[in-house]
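Numbering of the sequence shown is given in my numbering, commencing with residue 107 and proceeding in unit increments. Quick reminder that beta carbons are idealized off the backbone N, C-alpha and C, glycines included. Everything below concerns the one structure shown next.
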Amino acid sequence: MARHSGWPEGRIRRLVAARRLRHVKLDGLLLLPANAVDEFVQANMVEPDLEFGSQPTPKSRGPLL
């Protein structure tokens with residue numbers, strides 16, 4: 107899976123341990139569907155702000171520090 111996705115093995119193992127990637131444990135083996143990483147990326151994708159660079163409205167500025 108790590109070679110296929112290009113992600114480090116440790117990251118994939120941590121995501122499985124945190125139950126964030128679909129997987130099956132079968133007789134001590136950890137089996138992941140071929141598209142498990144793609145599903146994770148799609149589910150956690152952040153869409154771009156299409157109004158980037160526009161001035162925020164007074165409500166969205168938040169408290170001044």
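For residue i, which residues from the same chain have a beta carbon less than 6 angstroms from its beta carbon, with the 5 sequence-adjacent residues on both sides left out?
i      : result
LEU143 : Residue identity check: residue 143 is Val in the sequence provided, not Leu. Excluding positions up to five away in sequence, the list reads SER111.
In this structure, how does DSSP classify residue i when only helix, strand and coil are distinguished?
i      : result
VAL152 : coil
LEU135 : strand
Take residue i as the anchor and find which of the options has the nearest alpha-carbon.
i      : options                : result
GLU145 : ALA123, ARG109, HIS129 : HIS129
With a CB to CB cut of under 7 angstroms and the five nearest residues on each side skipped, what residues in its chain are close to residue i?
i      : result
ALA108 : PRO114, GLU115, ILE118
ARG126 : PHE146
Stretch pair the stretch 129-138 + the stretch 148-159: three plus CB contacts closer than 8 angstroms: Contact between the stretch 129-138 and the stretch 148-159 is absent, because fewer than three Cβ pairs lie under 8 angstroms.
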